[in-house]
Structure formats: structure tokens, C-alpha cells
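> Provided herewith is a single structure, encoded as C-alpha cells, for subsequent inquiry.
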Amino acid sequence: MAWARGRTTGAVAAYENLCCSIGEKPADVALAWLLHNPAVAAPIIGPRTIDQLEGSLRALELRLDGDTLQRLDEIRPGPGGPAPEAYAWQTQTWRHTENTMTSEFDVKDLSLAEAGRRRIQWAELEMPVLRQIRERFAKEHPLKGTKVSACLHVTTETANLMRALQAGGAEVVLCASNPLSTQDDVAASLVTHDEIPVYAIKGEDNETYYKHIHAALDLEPQFTMDDGADLVSTLHKERRDLLEGMRGGTEETTTGVIRLRAMAADGALAYPIIAVNDAMTKHFFDNRYGTGQSTIDGIVRATNILIAGKTFVVAGYGWCGRGLAMRARGMGANVIVTEVEPLAALEAVMDGFRVMPMAEAAEVGDIFCTLTGDINVIDAHHFERMKDGAIVSNSGHFNVEVNIPALEAMAVEKRQPRPFIDQYILKDGRRINLLGEGRLINLAAAEGHPASVMDMSFANQALSLEYLMQHADELENRVYTIPEALDREIARLKLEAMGIRIDVLTEEQKTYLASWEEGT
Ligand SMILES: NC(=O)c1ccc[n+]([C@@H]2O[C@H](COP(=O)([O-])OP(=O)(O)OC[C@H]3O[C@@H](n4cnc5c(N)ncnc54)[C@H](O)[C@@H]3O)[C@@H](O)[C@H]2O)c1
1 MAWARGRTTG AVAAYENLCC SIGEKPADVA LAWLLHNPAV AAPIIGPRTI DQLEGSLRAL
61 ELRLDGDTLQ RLDEIRPGPG GPAPEAYAWQ TQTWRHTENT MTSEFDVKDL SLAEAGRRRI
121 QWAELEMPVL RQIRERFAKE HPLKGTKVSA CLHVTTETAN LMRALQAGGA EVVLCASNPL
181 STQDDVAASL VTHDEIPVYA IKGEDNETYY KHIHAALDLE PQFTMDDGAD LVSTLHKERR
241 DLLEGMRGGT EETTTGVIRL RAMAADGALA YPIIAVNDAM TKHFFDNRYG TGQSTIDGIV
301 RATNILIAGK TFVVAGYGWC GRGLAMRARG MGANVIVTEV EPLAALEAVM DGFRVMPMAE
361 AAEVGDIFCT LTGDINVIDA HHFERMKDGA IVSNSGHFNV EVNIPALEAM AVEKRQPRPF
421 IDQYILKDGR RINLLGEGRL INLAAAEGHP ASVMDMSFAN QALSLEYLMQ HADELENRVY
481 TIPEALDREI ARLKLEAMGI RIDVLTEEQK TYLASWEEGT
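Per the working numbering, the very first residue in the sequence shown carries number 1; after that it's consecutive.
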């Protein structure tokens with residue numbers, strides 16, 4: 001099949017235009033077309049694969065209408081040969097390449113793709129806002145022709161975001177934003193079913209992690225989509241040649257926003273960034289309810305420990321810490337909060353939690369979790385005071401909140417009683433159990449946030465990218481808060497999807513609220 005990869009031929013270009021105009025992915029259209037033409041399909045993909053493809057297409061609910069089929073037939077005899085099969089062939093090639101880093105992707109095992117696809121579809125059920133955006137994007141193609149390098153946790157929810165961007169016409173590449181957060185089946189499905197290049201393997205070492213970031217940058221993007229700012233910082237430090245083509249970017253999390261604001265203050269940031277984390281429909285819900293629930297989920301999956309009756313120490317009473325403290329209390333723990341900000345500490349007290357310095361909490365805590373974005377929040381002098389069997393974890397972005405090198409230095413032995421638990425035996429025989437290598441435990445040992453909250457976070461991502469497409473050139477090289485109108489629109493769509501109606505201001509109320517003259 002000499003024609004198989006001829007992406008530049010006139011026929012392929014016409015084919016791509018057609019796919020774009022009907023809002024479907026080339027590979028899916030190619031497969032649908034082949035299934036309409038069994039005589040052509042059988043020698044290319046074989047009868048068993050045809051069965052599997054039919055199943056996949058049924059799940060996609062993709063049916064080509066007569067008009068599209070006729071337009072496909074018109075393209076076929078063009079110069080360069082039959083285009084649709086080219087894409088089918090390409091999909092097949094991807095499906096049969098395993099465990100290799102090619103220039104197109106690097107995932108653990110492509111045979112996990114089907115399981116990944118089922119979970120991606122399951123997550124989508126809880127992501128009605130993002131689904132609506134994807135459907136609109138598929139019709140309007142607001143991202144047509146743009147290239148996006150994304151560095152996000154490779155989860156089922158992220159897969160749905162990538163599919164939305166692709167439906168909008170963007171060419172996307174995805175790498176992991178944390179070495180332990182990748183869901184390998186999801187990575188395999190994105191490569192196999194969506195032809196999205198993914199560079200991510202759960203448990204990858206640091207060198208591979210950065211190799212993958214570089215691979216994502218090889219796309220030569222106009223936009224970055226980051227979670228923690230490793231992609232943006234690598235781009236600014238090691239790939240400065242790409243800066244000229246950059247138009248804008250988005251950032252998902254608190255820690256990334258802090259890093260990017262520091263870059264902007266130094267005059268180092270070379271393009272505008274929208275801080276998705278600053279959206280109220282992001283941090284009110286994702287950081288609080290998402291982190292709250294999924295951090296408990298991660299700790300429980302790693303340890304199978306009973307939370308009720310335990311003393312649970314939450315370090316940091318920001319958006320994430322509030323959520324975790326609330327959920328730990330809900331499960332019957334005695335919750336202690338540690339803080340450095342008087343206001344946040346006072347709020348924790350008024351919310352009914354005990355507040356004390358970590359040095360005191362260290363002596364009484366059974367379970368510890370840091371969510372501060374800070375460094376060495378649990379340090380050597382805290383380990384010295386901890387009880388035998390203490391469980392230590394982190395749900396902040398980087399694995400620096402617990403001083404792991406200090407713990408390594410204090411330990412005389414290290415065991416692994418269960419996956420995701422490193423048990424450090426100290427000189428006096430006390431055992432300190434560190435979960436998930438100190439990386440965000442909700443993603444290391446569980447699946448990250450539930451889809452329902454990521455629906456809003458990723459709606460913000462998708463709409464921010466659309467906004468940047470339209471306005472990036474008017475913006476300065478600094479970090480912007482998401483436009484309030486987008487935030488409100490997402491809240492409205494989410495309520496609508498949940499079937500919840502609210503009151504609407506009357507004209508009289510609008511006038512009253514806008515006037516300063518009326519008083520007692
Ligand atoms: N696990 C996840 O899925 C997830 C989701 C969202 C955010 N995050 C990350 O979690 C971290 C916290 O995010 P947030 O939105 O809650 O931030 P935030 O700024 O709202 O809260 C952080 C809190 O930690 C406190 N703090 C700082 N240093 C401290 C110390 N030494 N001891 C005790 N408290 C300290 C601060 O005063 C602040 O109140 C960030 O790294 C963020 O990127 C993780």
C-alpha cells in the first residue's frame with residue numbers, strides 16, 4: 001500500500017476537508033466508509049477486525065449519510081489513490097505497535113485501549129457541559145488549524161477534553177503532568193481510537209517524564225495547556241526556538257499559576273496564559289470537592305485503613321485542604337488542621353477543627369496529608385515525633401511537601417507492605433508509612449477527581465482555548481484570570497445539565513440593585 005501515508009496528496013487533503021466539514025475524525029470516517037464497502041475492506045483489515053470495528057463505530061454512533069458517502073466516492077479516484085483506507089491502515093498500524101517509543105506516541109500497552117475507551121465513555125456520562133462544548137466545537141471548528149501541546153494528568157476526563165479540542169479542529173498532543181498519574185489504558189485508547197499522540201506511562205522515571213514533555217513540544221504548538229507549569233518552564237528554558245510561534249496557554253492548577261505569575265513578575269513569560277485555576281467554577285469545586293473526595297479515595301485504596309476514629313492531620317486549609325478536612329470529618333476522623341496564614345487558620349477554627357503547629361500535630365496524628373503547594377511541610381523533626389505506624393501522604397502538586405530525602409536518611413530499612421506504601425523503619429523501630437512516593441495520592445493510588453467536577457474544570461480549559469484563539473494577540477505576556485462571563489456560563493450550563501432551575505431577577509429587582517438612592 002504505497003499510498004497509505006500520503007497525507008499531502010490532493011485526495012487526502014480533500015478527504016480531510018470533508019471530515020472537517022462533517023465534524024468527524026478522519027480515522028472514524030475511514031472506518032465507517034470501509035464498513036460500507038466490505039469488498040474493499042476485507043482484504044485490508046480482515047473479517048475479525050471488521051467485527052471489532054463495527055462494535056466501535058456503533059459505540060461512536062457514527063453513521064455516514066448518503067451525501068457524505070457520495071462525496072467520499074468522488075474523492076477516492078483522485079490523485080494519490082484512495083484516501084479513506086489510508087487512515088484505516090494507519091489506525092491498524094498504531095494498533096499493532098506495542099511498548100515502543102515511536103515519534104508518534106509512547107504508551108505502555110496498546111492492547112489496553114478497549115478498556116480505556118469504555119472508561120472514557122463512562123466518564124463522559126458525568127461530563128455534560130464538556131460534551132455540549134464538544135458538540136458545538138464539532139459544528140463550528142473554532143480551533144481549526146491550531147496546534148496544542150497539552151501536559152495534563154492522563155485520565156479519562158482528560159481524554160474527553162482532548163477529544164473536544166480535536167473536534168474543534170485542533171491538532172493535539174498529550175504528555176503526562178506527573179510521572180505517577182497516567183492511566184495506561186486511557187493513553188492507549190487516545191492513541192488507538194482518536195489518533196491523538198500520547199507520551200505517558202504510569203511510573204515513568206524523571207528522565208522519561210521530561211523526554212515526553214519534549215516530545216509534546218516537538219509538535220511546535222501555538223498553544224500550551226499545562227498542569228503545574230513543567231511544560232511551559234521547559235519551553236522557556238530549553239526550547240526557546242519555539243517561543244516565536246507561541247500565541248498563548250492555559251494553566252490548570254494553583255502551583256502552576258504561582259510559578260507562572262513568578263515568571264511574569266520576572267519578565268520571563270513570553271506569551272499570555274489564562275489561569276483556569278482562578279475560575280470559580282474550577283477551584284470552588286475541583287480543588288475542594290474533587291480533591292476532598294479523591295484524596296480520601298487514594299489513601300483508602302493504598303492502605304484499606306478505617307478512617308473513623310483516626311486522628312487525621314490536614315496541612316494547609318486552602319481550597320484543597322478545606323475539602324479534605326470536610327470529607328475526613330464526614331468519615332468519622334478527628335481532624336487537625338495546620339496552617340501558616342492567620343485567616344485560613346481562623347476559618348478552620350470557626351469551621352470546628354483543632355488547629356496547631358505541625359510539630360504538635362506530629363505527635364498525635366495517625367494519618368497526615370499535605371495540600372499546601374509548599375516545601376518540607378512535614379520535615380525530619382516531625383518524623384522524629386510521629387507515632388509508630390503513622391501514615392504520611394501528599395495531595396499537593398509536587399512531591400516536595402514531605403521531606404522524603406530526610407526520611408530516607410533517617411531510615412535503617414525500607415519495605416513495601418502494599419503497592420503505593422513505602423514503609424520506613426527508623427532506628428528506634430518506629431514505622432513511618434509514606435504513600436505514593438509523596439506524589440499526589442489521589443492520582444497515584446486512585447483515579448483523580450470524579451468526572452463531574454472535571455466537567456467544569458475542563459469546560460474552562462476548552463473555552464479558554466477558544467477565547468485565546470480569538471483574543472491572544474490583544475493580550476500581554478502575563479497571567480490572566482478567566483473572563484467572568486465564561487465562568488458564569490459554565491455554572492449555568494452545569495446547573496441546566498443537573499436539571500436545577502434558579503430564580504431570575506425581575507426588572508424591579510435589577511433597578512433596585514443598581515440604584516444607590518433607595519435606603520431605609
Ligand atoms: N491533588 C489534586 O488533584 C489537586 C487539585 C488541585 C490543586 N492541587 C494542588 O494542591 C495544592 C494546594 O492547592 P489549593 O488550591 O488548596 O491552594 P491554596 O493556595 O488555596 O491553599 C494552600 C494553603 O496552604 C497553606 N500553607 C502554605 N504553606 C504551609 C505550611 N508550611 N504549613 C501549613 N499550611 C501551609 C497556605 O496558607 C494556604 O492556605 C497546590 O499545590 C495545588 O496545585 C492538587
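Backbone N, C-alpha and C define an ideal beta-carbon position, used for all residues, glycine too. Computed from a prediction, not measured in an experiment: that's the story for all the values here.
Are the CB atoms of V392 and L434 nearer to each other than 8 Å?
Cβ distance < 8 Å, so V392 and L434 count as in contact.
> Is D573 near ligand 1 - that is, is its Cβ less than 7 Å away from at least one heavy atom of it?
Because the chain spans 1 through 520 in this model, residue 573 falls outside it and cannot be assessed.
> Confirm, please, whether the CB-CB distance from A348 to V340 is below 8 Å.
No.
> Helix or strand or just coil, what does DSSP make of F223?
Correct three-state label for F223: strand.
> Can you have a look at P82 and say buried or exposed, based on whether 16 or more other CB atoms are within 10 angstroms of its CB?
For P82, the predicted model reports a pLDDT of 44, less than 50, meaning its position is unreliable; a value from the coordinates is still stated below. Answer is buried; the Cβ neighbour count reaches 16.
> Given the structure, does G389 come close to ligand 1, in the sense that its CB is under 7 Å from one of the ligand's heavy atoms?
Because no heavy atom of ligand 1 lies under 7 Å away, the Cβ of G389 does not count as near it: no.
> So what does DSSP say about D476, is it helix, strand or coil?
Per the sequence presented here, residue 476 reads as Glu, with Asp not at that position. Here E476 sits in coil by DSSP.
> Mind checking whether the beta-carbon of C369 lies closer than 7 Å to any heavy atom of ligand 1?
The answer is no for C369.
> Between which two residues does the alpha helix (DSSP H) carrying D455 extend?
Segment 451-471, the alpha helix (DSSP H) holding D455.
> Just how far apart, CA to CA, sit G290 and E518?
Their Cα atoms are separated by approximately 42 Å.
> Could you work out which residue in W319, R354, A315, P342 is closest to N334 when comparing CA atoms only?
Out of W319, R354, A315, P342, R354 has the C-alpha closest to the C-alpha of N334.
> Are there 16 or more other CB atoms within 10 angstroms of the CB of Q183, so buried, or fewer, so exposed?
So Q183 counts as buried.
> Specify whether the stretch 155-175 and the stretch 453-471 touch according to this definition: at least 3 beta carbon pairs, one from each stretch, less than 8 Å apart.
The stretch 155-175 vs the stretch 453-471: in contact.
> Tell me the start and end of each unbroken beta strand (DSSP E) in the stretch 226-264 that is at least 3 residues and wholly inside, in chain order.
If we require 3 residues or more, the beta strand (DSSP E) runs fully inside the stretch 226-264 come out as 248-251.
> Can you say whether T91 is buried or exposed, counting buried as having 16 or more other CB atoms within 10 angstroms of its CB?
The pLDDT assigned to T91 is 39, lower than 50, so where the model puts this residue is not dependable, and the model offers no usable value.
> Rounded to a whole number of angstroms, what is the C-alpha to C-alpha distance between T295 and C151?
C-alpha separation (whole angstroms): 21 Å.
> Are three or more beta carbon pairs between the stretch 400-408 and the stretch 425-439 nearer than 8 Å?
Yes: the two stretches touch, three or more of their Cβ pairs being nearer than 8 Å.
> Under 5 Å, CB to any heavy atom of ligand 1. Which residues pass, going along the chain?
So the residues near ligand 1 by this Cβ test are T253, T254, T255, N287, T291, A315, G316, G318, W319, C320, T338, E339, V340, E341, A344, L371, T372, G373, D374, V377, S395, G396, H397, L440, N442.
> Per DSSP, what kind of secondary structure is A308 in: helix, strand or coil?
If DSSP states are grouped into helix, strand and coil, A308 belongs with coil.
> Among D388, S181, D67, whose alpha-carbon lies nearest the alpha-carbon of I441?
When each option's Cα is compared against that of I441, the closest is S181.
> Once the 5 residues before and after L235 are set aside, which same chain residues still bring their CB inside 8 Å of it?
Closer than 8 Å at Cβ, skipping near neighbours: L217, T224, L242, L243, M246.
> Using C-beta distances below 8 Å, list every residue in its chain close to D286, excluding the 5 sequence neighbours before and after it, in chain order.
H449, V453, M454, M456, S457.
> Taking the alpha-carbon positions, what's the Y317 to T481 distance?
Their backbone Cα atoms lie some 22 Å apart in a straight line.
> Strictly under 8 Å for the Cβ-Cβ distance: is L475 near chain B by that measure?
Looking at the structure shown, chain B is missing, and only one protein chain is on hand.
> Taking only the alpha-carbon atoms, compute the straight-line gap between G116 and A229 and give it to the nearest angstrom.
So the alpha carbons of these two residues sit roughly 26 Å apart.
> Out of D297, N477, K427, state which residue places its alpha-carbon closest to the alpha-carbon of M331.
Ranking D297, N477, K427 by Cα distance to M331 puts D297 first.
> Starting from the C-beta of K387, find all residues in its chain whose C-beta is less than 8 Å away, skip the five residues before and the five after it, and write them out in chain order.
So the list reads E363, V364, G365, D366, R430, once near-sequence residues are dropped.
> In three-state DSSP terms, what is S515?
It is coil, neither helix nor strand.
> By Cβ distance below 6 Å, which residues in the same chain neighbour Y209 in space, the five residues on each side in sequence not counted?
P179.
> Do the CB positions of E204 and D226 come within less than 8 Å of each other?
No; because the gap between Cβ atoms is not below 8 Å, this pair is not in contact.
> Taking contact to mean 3 or more Cβ pairs, one atom from each stretch, closer than 8 Å, check whether the stretch 299-307 and the stretch 412-425 are in contact.
Contact between the stretch 299-307 and the stretch 412-425 is present, because at least three Cβ pairs lie under 8 Å.
> By Cβ distance, which residues of its chain are closer than 6 Å to T156, with the 5 residues on each side in sequence left out?
Around T156: R119, I120, A123, V186.
> Taking the C-alpha atoms as reference points, what is the distance between R478 and H471?
For R478 and H471, the distance between alpha carbons rounds to 14 Å.
> As a quick exercise: from L31, E476, L306, pick the residue whose alpha carbon is nearest that of H193.
Ranking the options by Cα distance to H193, first place goes to L31.
> Just the Cα atoms here: how many angstroms apart are A86 and V29?
With a pLDDT of 48 at A86, under the threshold of 50, the modelled position of that residue is not reliable, and the figure given next carries that caveat. C-alpha separation (whole angstroms): 11 Å.
> Spatial neighbours of I213 within its chain, please: C-beta separation below 7 Å, excluding the five flanking residues on both sides.
Closer than 7 Å at the Cβ level, and outside the excluded window around I213, lie C151, C175, D230, L231, T234.
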